[in-house]
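Residues in the sequence shown are numbered consecutively from 171, following my numbering. Just so it is clear, CB atoms sit at the ideal spot from N, CA and C, and this is done for glycine as well. These notes are about the structure you will find just below.
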Amino acid sequence: MNQRKKVLLKIFVALLILIIISSCKQSTEPNHDPSVISIVAFPNQVQVSDSFAVFCSADDADGDPLSYDWFCTNHGASIKGALPDNPYELKNTRDNIMIFFATDTLIYQTGHAAIFCDVRDNKGGLKTAWILVGITR
171 MNQRKKVLLK
181 IFVALLILII
191 ISSCKQSTEP
201 NHDPSVISIV
211 AFPNQVQVSD
221 SFAVFCSADD
231 ADGDPLSYDW
241 FCTNHGASIK
251 GALPDNPYEL
261 KNTRDNIMIF
271 FATDTLIYQT
281 GHAAIFCDVR
291 DNKGGLKTAW
301 ILVGITR
């Protein structure tokens with residue numbers, strides 16, 4: 171093998187090693203929690219059996235894709251698409267807008283639905299937002 175081929179082979183091997191090392195490095199940047207910009211309901215006052223939408227606007231400084239967990243903690247509203255055995259929570263969705271159906275909150279004597287949204291970046295970051303939606307007969 172001539173001298174030129176040996177030099178090219180050494181350069182190739184060195185570049186290959188650098189590529190492998192750089193691809194194995196872990197990021198030293200810390201993960202940031204998502205930021206909730208706002209949470210709003212449309213409309214924010216409904217009657218029993220009416221539907222309403224809740225929109226949670228969020229962002230992630232790291233650019234991570236976000237997941238949304240939706241809850242109605244006082245059972246004032248059920249969530250469209252939730253399982254029948256637990257209509258008050260829907261986890262791990264990509265939807266930052268959710269449809270709810272107002273239930274008869276007089277059973278719970280609250281007069282409102284308490285809607286919570288956990289925004290996750292799937293790397294340990296979490297931010298919770300909540301809103302109250304008034305419910306009347």
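Could you round the C-beta distance between residue i and residue j to whole angstroms and report it? I think they count as a contact, below 8 Å.
i, j, result
"A211", "F222", "6 Å"
"I305", "A283", "6 Å"
"T263", "S237", "7 Å"
"D229", "R290", "Rounded, the Cβ-Cβ distance is 13 Å, inconsistent with contact."
"V303", "V216", "7 Å"
By the three-class DSSP mapping on this structure, what secondary structure does residue i have?
i, result
"K293", "coil"
"V216", "strand"
With which residues is residue i paired in a DSSP beta bridge?
i, result
"V206", "A228"
"I187", "DSSP lists no partner for I187."
"I305", "V216"
Ordered list of beta strand (DSSP E) runs contained in the segment 220-303, each at least 3 residues: 221-229, 237-242, 247-249, 259-263, 267-272 and 282-290
At least three beta-carbon pairs within less than 8 Å, the segment 241-250 to the segment 202-209: no
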